[in-house]
Structures are given as structure tokens and as C-alpha cells.
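Trainee: Numbering (our numbering), first residue to last: 1111 to 1381.
Yeah, the Cβ is synthetic: ideal placement off N, Cα and C, and Gly gets one too.
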């Protein structure tokens, strides 16, 4: 199984001095996602919690929305030059109608290029099974301020590499249920959502998601498709993320640090 970190020898410069020392790097490897043996996409990720990643990705793209719709996940025989399994190919078996993967690839290309406009926002609303606008979640501001430190304390791989994003799923009282790390912020969110799907917790009504970086349109979309009524980030949101949150009735919080935060949409959920 691939590791989440790799050790390398580096030359450490400090002032006019230099010396050799070992350093830990966050691993980054491709993961091919298939449905029923047919290739869907390839994502660059930090190995670990791959089944959660694939499950969350399928939720975020509207291909599954309930635990019983994901029948199975398995590693396929992707091999390296020595013939060893790289564990870089995962095949998902989806119950019910088979997704139209050719049409879905067009949607992925559009989203990845950043060509997101009104049509994309409307598509998210159409595909989402959960109406987050009616969620009665209420979170005291004092609880919100505690979450970044709680997520940071769960970032074990970050401590050794300094090179990973994180996402954390919390209850309204600030209890951390699941934390995941990855070189890609979207992958970290997929790993959290995939864990929730596999645990039978979707929709995530009454919960909130915290991400260690910025809040993009893509992350806001993933939160809504998982039924999350609140997305918080330690950095800034994008303008389209705020537009989408406003459209869907999702609370979007940015610059959550110590005892400050900016609430961009639905501030009524913050007490």
C-alpha cells in the first residue's frame, strides 16, 4: 500500500551554513476512478482513505447519494515496473441506473476549467437531493471559533510535512467526527463526505464542514450535495462560492481565525 509521506534527503540552508538532513514530503500519486470497470476520471491525491475519497467524489458529482447506492469498492490491478500493485485504481459498483459517464465527463471538464456560470449553479440545485436552506442548524460563535484549533490538532500528517490541506466534519456543539488530509483541498472534502456516506450518515443535516484553506465554488457545491448547511474556511471564499451559497441557502463563513470570522451568507445560523 502506498504511503502518505516519503522521506528525502535535503540540503538545509540557514544563514551562511548548510547541512544534510532527512525531510518528510506529502506523497502525491494519481488515482484512477472507475464505475463498473469504465474509467471516469483521474485525480492526484495523497494515498490513504482511498475508498472514502472515491465515495465522496461520487457524492460530489451527483452520482450517488445514499449508502445503499454504492454496492462495492475495490482496488484494481494497477501495477508498477516490478509488477507490484500500486493501489492507484479503484473501481466502484453503483446500484440502480448506470450513470452516463460520457455526459458526466463533459460536466467535469467544464467545472475543472472554471467555466462556472448560471447554468452550473442551476445544475447543482437540480442534482442536489437535499434542501439545505431549511436546515435549522444553530452554532454559537464561541463554538465556531474553537474549530480551527480542533481540526489542526487532528492533522497528524501535516505535522511531519507541512504540505497538506485538511477538512473536518463537526456537530453543532463542536465535536469533531471525522478529519481527513490530502494534497488537494477538494480531495480532503471528498474523503470526509465519503466517510459519512459509508457510515450511513447522509444527508449531513445539522452538521458543518471546516476546510483549512479557501472556500471555492467546488467545495461549496460538494457541501451542498452532502446536505451540509454550513461551510467554514480559515481563508477567503471566492465570489462564485458566495453566489452559490446564497442561491442554495447555505451558510458560508470565511477567515475563521481565533475569535474572528466573516459570515457571507445566512448569518442567522450563527448565534
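DSSP has residue 1205 in a bridge; who is on the other side?
Mentor: Beta-bridge pairing links residue 1205 to no other residue.
Trainee: Looking at the unbroken beta strand (DSSP E) that takes in residue 1260, where does it start and where does it end?
Mentor: Per DSSP, residue 1260 belongs to no beta strand (DSSP E); it is in the alpha helix (DSSP H), 1251-1263.
Trainee: Going by other Cβ atoms of all chains shown within 10 Å of its Cβ, with 16 needed for buried, is residue 1259 buried or exposed?
Mentor: Exposed, by the Cβ-count rule.
Trainee: Give the C-beta separation of residue 1156 and residue 1279 to the nearest angstrom, bearing in mind that I take them to be a contact with Cβ-Cβ under 8 Å.
Mentor: That belief does not hold up - the Cβ atoms of residue 1156 and residue 1279 are roughly 18 Å apart, past 8 Å.
Trainee: Please report how far the alpha carbon of residue 1246 lies from the alpha carbon of residue 1305, in whole angstroms.
Mentor: Their backbone Cα atoms lie some 23 Å apart in a straight line.
Trainee: Using the rule of at least 16 other Cβ atoms within 10 Å of the residue's Cβ for burial, across every protein chain shown, is residue 1307 buried or exposed?
Mentor: Residue 1307 comes out buried.
Trainee: Would you say the segment 1128-1147 touches the segment 1280-1288, given that touching needs at least three Cβ pairs under 8 Å?
Mentor: No, because fewer than three Cβ pairs between the segment 1128-1147 and the segment 1280-1288 fall closer than 8 Å, the two stretches do not touch.
Trainee: So, for residue 1149: in the same chain, excluding its five sequence neighbours on each side, which residues have a beta-carbon less than 6 Å away from its beta-carbon?
Mentor: Closer than 6 Å at Cβ, skipping near neighbours: no residue.
Trainee: Suppose you measure from the CA of residue 1315 to the CA of residue 1195; what does that come to, to the nearest Å?
Mentor: For residue 1315 and residue 1195, the distance between alpha carbons rounds to 39 Å.
Trainee: Tell me whether residue 1198 is buried or exposed, calling it buried when 16 or more other Cβ atoms sit within 10 Å of its Cβ.
Mentor: Burial call: buried.
Trainee: When we look at the beta-carbon of residue 1352 and count the other beta-carbons within 10 Å, is it buried (16 or more) or exposed?
Mentor: With 16 or more Cβ atoms within 10 Å of its Cβ, residue 1352 is classed as buried.
Trainee: For residue 1372, count the other beta carbons within 10 Å of its own beta carbon; 16 or more makes it buried, fewer makes it exposed. Which is it?
Mentor: Classification of residue 1372: exposed, given that the 10 Å Cβ count is below 16.
Trainee: Is residue 1309 buried or exposed, if buried means 16 or more other CB atoms sit within 10 Å of its CB?
Mentor: With fewer than 16 Cβ atoms within 10 Å of its Cβ, residue 1309 is classed as exposed.
Trainee: Between 1114, 1113, 1117 and 1380, which lies nearest to residue 1250 when the distance is taken from Cα to Cα?
Mentor: Nearest of 1114, 1113, 1117 and 1380 to residue 1250, Cα basis: 1380.
Trainee: DSSP beta-bridge partners for residue 1325?
Mentor: Residue 1325 is bridged to 1347.
Trainee: Can the beta-carbon of residue 1320 be found less than 8 Å from the beta-carbon of residue 1338?
Mentor: Cβ atoms of residue 1320 and residue 1338: not closer than 8 Å.
Trainee: Quick one: any contact between the segment 1168-1183 and the segment 1328-1335, if contact means 3 or more CB pairs under 8 Å?
Mentor: Contact between the segment 1168-1183 and the segment 1328-1335 is present, because at least three Cβ pairs lie under 8 Å.
Trainee: Since residue 1324 and residue 1343 should fall inside the 8 Å C-beta cutoff, what is the C-beta to C-beta distance between them, to a whole number of angstroms?
Mentor: That belief holds up - the Cβ atoms of residue 1324 and residue 1343 are roughly 6 Å apart, short of 8 Å.
Trainee: Pick out whichever of 1179, 1125, 1244 and 1122 has its Cα sitting closest to the Cα of residue 1359.
Mentor: Of the listed residues, the one whose Cα sits closest to residue 1359 is 1244.
Trainee: Does the distance from the CB of residue 1203 to the CB of residue 1166 come in under 8 Å?
Mentor: Cβ atoms of residue 1203 and residue 1166: not closer than 8 Å.
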